[in-house]
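Residue numbers (our numbering): 33 to 729.
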Amino acid sequence: MAVSYELIGETGVITIDNPPVNALSHVVREGVKNAVIAAQSDSSKSVVILCSGRTFIAGADISEFGKPAIPPSLPQVLSVIESSEKPVIAALHGSALGGGFELALACHYRCASSPAKVGLPEVKLGLLPGAGGTQRVPRLAGVEAALDLITSGKPISTDKANKLGLVDRIITGDLREGALEYAQEVVLGDVELRKARNISISPKEVPEGIFEFYKIKLGKRARGQLAPQSIVTCIQAAVELPMDEGLNKERELFLECLDSEQSAALRHMFFAERTAPKIKGLAEGIEPRAISRVAIIGGGTMGCGIAMCFANAGIPVTLLEISADALGRGLQIIDRNYDLSVKKGVFSSEDGILKKGFITGTTQYEDLSDCDLVIEAVFESFEVKKEVFSRLDKVCKPEAILATNTSYLDVNAIAEITSRPENVVGLHFFSPANIMKLLEVVRGEKTSDEVLATAMDIAKKIRKVPVLAGVCFGFIGNRMLRQYVRETQLCLIEGASPEQIDQVMEGWGMAMGPLAVGDLSGLDVAYKARQSLSDQEKGDPKTYCIADALVEKGRLGQKVGKGYYLYVANNRGRTSDPEVLEIINGQALKHGVVRREISDGEILMRLTLALINEGFKILEEGIAQRPSDIDAVYVFGYGFPAFRGGPMFYADQLGLKKVYEMICKLQETNGYQYWVPANLLEELAHSNKTLAEWADS
Ligand code: 3H9
33 MAVSYELIGE TGVITIDNPP VNALSHVVRE GVKNAVIAAQ SDSSKSVVIL
83 CSGRTFIAGA DISEFGKPAI PPSLPQVLSV IESSEKPVIA ALHGSALGGG
133 FELALACHYR CASSPAKVGL PEVKLGLLPG AGGTQRVPRL AGVEAALDLI
183 TSGKPISTDK ANKLGLVDRI ITGDLREGAL EYAQEVVLGD VELRKARNIS
233 ISPKEVPEGI FEFYKIKLGK RARGQLAPQS IVTCIQAAVE LPMDEGLNKE
283 RELFLECLDS EQSAALRHMF FAERTAPKIK GLAEGIEPRA ISRVAIIGGG
333 TMGCGIAMCF ANAGIPVTLL EISADALGRG LQIIDRNYDL SVKKGVFSSE
383 DGILKKGFIT GTTQYEDLSD CDLVIEAVFE SFEVKKEVFS RLDKVCKPEA
433 ILATNTSYLD VNAIAEITSR PENVVGLHFF SPANIMKLLE VVRGEKTSDE
483 VLATAMDIAK KIRKVPVLAG VCFGFIGNRM LRQYVRETQL CLIEGASPEQ
533 IDQVMEGWGM AMGPLAVGDL SGLDVAYKAR QSLSDQEKGD PKTYCIADAL
583 VEKGRLGQKV GKGYYLYVAN NRGRTSDPEV LEIINGQALK HGVVRREISD
633 GEILMRLTLA LINEGFKILE EGIAQRPSDI DAVYVFGYGF PAFRGGPMFY
683 ADQLGLKKVY EMICKLQETN GYQYWVPANL LEELAHSNKT LAEWADS
């Protein structure tokens, strides 16, 4: 039974039991409504609503969105609760989120255990709280607190909620017992039921211009997104309109958001993130191994960032470098990063010291003999890695997992260096590793199921989004990136400017344009990688001629103050440099390209289609398990806008037939060898199927 009702003394207790997170599925909505109605005619004097399991209600059932709505709606249920003649008390534990917190706000009183969290994270799903959250929070906690809570979507502690007036009582002991006692107090105390709707907000208490200020701020922070703006409109309505009219406004804008492509995309990403760690076809009963000690080989930026991920999760980690000097430099990088995190308020200084304490350094491989997991993050050269893995194989215990952070090299060949290929796996972190959420888990031919399960498990413990990838050049992310970068370079030589390309992609929602990203990571990195390719692998000589020319002129990117742009010291902002245009024009002339005007639409189309087409190839080769995994890679590792749902979701939204036709047209007009439509795309376009349907089948 998802909802049960019992009478304990004079209190009616409604218990919700809908694992895993007590979401407000249809059965829960109906159950709560019926139980509150039943309580009106029994001997109870008050009603307590609480939940079994690990949490109070974590919100509406997201999997029901996009399907025909089945009554009662949540607002209807909340109206029954609010108009109960007996006091209704919500007892919160775990995370009371979204519709779950709104249900609590419609109750007459709220008590909560500590620590627990409350919040309205709907904005992260492209939604706004659609069951009175935007009307009740400003009435209870004030307009500014409401704007912060609802536009950020970040949960707050119940202690803070108590201070803000959103929670009435913190219960320190057993929540159920405490809630029953509180219910009795309420019955003996207040004569009138407390209803948030009865509070009116005096416009005089609202800071002047606050709504315009938030709209402008959110317009910059959440460029092009509908929900944040609508939230501000709803909170403004809470000030300007009576409760029922405010609720109507909220409902109207909630439904508009729910129908939007942005919300569909963000809901897709919610499930993509949670589906990605699941490995298809894993042998039954496989349990992950315990990882209680980790080592990182290589104290460069990447190795240090990886070490911090484990230390932040409280897992002891040893950093190995070849010399005391190099080790000292690595440990300094870690110190600096922690200091920066403390300065930015990510950790308190005590917390920073505590976390740093989990990291020790060594120059001796022998010190790694008791590690359960070793991650190599050394220079990207097979010869260097060969040396590292041979040494690790000798000193590490036989069951230790040996992982490589390689971005491109063959994980199977690396595994074969060791006597334990089944214990070798790729763990490809993204820079800065202590911040970026993506982790590609690369499955070698011989990697055992147990090692994969362990990789997924430890990834979640260090708060990464792990995505399984097969072995190929660049795995999922970088393999697709190559096509995106190629098309960027071709747009440049054919007529676009760096500014135009970056502005188009950033305006569309990418965290950073491709050329600004190149400058940030250093143009020499890709240049060196290109030098090791054969002419055939390099493709058409004009493709990377501009990038090569910039490097050869010493324009290596931000680190030297110039690349595609100029960077003034201490100012990370970029400015245009006429010399770059001269270089581009010179290269076009040299390669016989007559530059033309390229529209913003063409740039967007070519860059996104380059990603999409390669994504289809990756799927048909089985390199990625599912389309949503590719979306997770791009959103969590490459700054792809989450509100567009990742490249594969975006392809479905464009329509696969249209995508296929556009790629065929590019092949026809450009004549490049690059635009060969993927077989899977062709097949789905002809059979009128979506990628989502293909994935489900
Ligand atoms: C809303 O409420 C709108 C209302 O304002 C208006 C209505 C009119 N629905 O995250 P986990 C599943 S919008 C369905 O790994 P954790 C999840 O997919 C909603 N399913 O656990 C996963 O399934 P599986 C606003 C949900 O312990 C499993 O539960 N609320 C929902 O790391 C475990 O999830 C939110 O946005 C859901 N609402 O974190 C809160 N939530 O095992 C969303 C979870 O099959 N939820 N699942 O992969 C969360 O933030 C986290 O799940 C929570 C627990 C913090 C609660």
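Virtual Cβ for every residue (Gly too), placed ideally from N, Cα, C. Keep in mind that this is a model prediction, so the values were computed, not measured.
Whose C-beta lies closer than 7 Å to the C-beta of residue i among residues of the same chain, with five residues either side of it excluded?
{"i": "GLY346", "result": "PHE390"}
{"i": "GLU646", "result": "ARG511, MET512 and GLN515"}
{"i": "LYS574", "result": "ILE525, HIS623 and VAL625"}
{"i": "ALA594", "result": "Here the sequence assigns Lys to residue 594, which means Ala is not the residue at that position. Excluding sequence neighbours, LYS594 sits near ARG587 and ASP609."}
{"i": "GLN619", "result": "ILE525, CYS577, ILE578 and ALA581"}
{"i": "TRP707", "result": "ILE695, LEU698 and GLN699"}
Tell me the residue span of the beta strand (DSSP E) that contains residue i.
{"i": "HIS460", "result": "456–461"}
{"i": "CYS83", "result": "78–83"}
{"i": "ALA501", "result": "497–502"}
{"i": "TYR666", "result": "Premise fails: TYR666 lies in the alpha helix (DSSP H), 659–669, not in any beta strand (DSSP E)."}
{"i": "TYR214", "result": "Premise fails: TYR214 lies in the alpha helix (DSSP H), 207–220, not in any beta strand (DSSP E)."}
{"i": "GLY654", "result": "Element bounds for GLY654: n/a, residue is neither H nor E."}
{"i": "LEU405", "result": "405–408"}
{"i": "LEU434", "result": "433–436"}
{"i": "GLU38", "result": "35–40"}
{"i": "ILE391", "result": "391–394"}
Using 10 angstroms around the beta-carbon of residue i, count the other beta-carbons present and answer buried if the total reaches 16, otherwise exposed.
{"i": "GLY278", "result": "buried"}
{"i": "ARG253", "result": "exposed"}
{"i": "HIS125", "result": "buried"}
{"i": "SER145", "result": "buried"}
{"i": "LEU39", "result": "exposed"}
{"i": "ARG638", "result": "buried"}
{"i": "THR701", "result": "exposed"}
Measuring straight from C-alpha to C-alpha, what distance separates residue i and residue j?
{"i": "TYR666", "j": "ILE467", "result": "15 Å"}
{"i": "GLY541", "j": "LEU110", "result": "36 Å"}
{"i": "GLY130", "j": "LEU643", "result": "34 Å"}
{"i": "THR486", "j": "ALA501", "result": "15 Å"}
{"i": "SER559", "j": "LEU372", "result": "The question names Ser, but residue 559 is Tyr in the sequence shown. Cα to Cα, the separation comes out at about 31 Å."}
{"i": "ARG452", "j": "GLU472", "result": "21 Å"}
{"i": "ILE323", "j": "ALA92", "result": "36 Å"}
{"i": "ASP367", "j": "SER355", "result": "18 Å"}
{"i": "LYS375", "j": "LYS689", "result": "51 Å"}
{"i": "VAL378", "j": "GLY221", "result": "43 Å"}
{"i": "ILE328", "j": "ILE578", "result": "37 Å"}
{"i": "THR26", "j": "ARG606", "result": "Examination of residue 26 is not possible in this model, given that the chain is present from 33 through 729 alone."}
{"i": "MET301", "j": "ALA674", "result": "7 Å"}
{"i": "ILE490", "j": "GLY550", "result": "31 Å"}
{"i": "LYS310", "j": "ALA656", "result": "12 Å"}
{"i": "LEU181", "j": "PRO187", "result": "7 Å"}
{"i": "GLU431", "j": "GLU415", "result": "24 Å"}
{"i": "GLY256", "j": "GLN535", "result": "14 Å"}
{"i": "THR3", "j": "ASN437", "result": "For the chain, the structure presents residues 33 to 729; residue 3 sits outside this window and is missing."}
{"i": "ASP191", "j": "GLN364", "result": "37 Å"}
Would residue i pass as a contact of residue j if the rule is Cβ separation under 8 Å?
{"i": "ARG325", "j": "CYS403", "result": "yes"}
{"i": "ASN444", "j": "GLU482", "result": "no"}
{"i": "LEU359", "j": "GLY330", "result": "no"}
{"i": "LEU82", "j": "ALA211", "result": "yes"}
{"i": "PRO498", "j": "ALA308", "result": "yes"}
{"i": "ALA122", "j": "VAL150", "result": "no"}
{"i": "PRO659", "j": "LEU723", "result": "yes"}
{"i": "GLY678", "j": "ALA664", "result": "yes"}
{"i": "GLY337", "j": "MET544", "result": "no"}
{"i": "HIS460", "j": "SER480", "result": "no"}
{"i": "CYS523", "j": "ILE635", "result": "yes"}
{"i": "CYS341", "j": "ALA138", "result": "no"}
{"i": "GLN72", "j": "GLU117", "result": "yes"}
{"i": "VAL155", "j": "PRO260", "result": "yes"}
{"i": "ALA270", "j": "ARG171", "result": "yes"}
{"i": "VAL68", "j": "ALA34", "result": "no"}
{"i": "LEU250", "j": "SER292", "result": "no"}
{"i": "ILE89", "j": "ALA55", "result": "yes"}
In its own chain, which residues sit with a C-beta less than 6 Å from the C-beta of residue i, not counting the 5 before and 5 after it?
{"i": "PHE462", "result": "MET468, LEU470 and GLY669"}
{"i": "LYS312", "result": "GLN657"}
{"i": "SER36", "result": "THR47"}
{"i": "GLY362", "result": "GLY331, CYS336, LEU351 and GLU353"}
Which residues in the same chain have their Cβ closer than 8 Å to the Cβ of residue i, if we skip the five residues on either side of it in sequence?
{"i": "GLU176", "result": "PRO239 and ILE242"}
Got a sec, what are the start and stop residues for the alpha helix (DSSP H) residue i sits in?
{"i": "SER373", "result": "356–375"}
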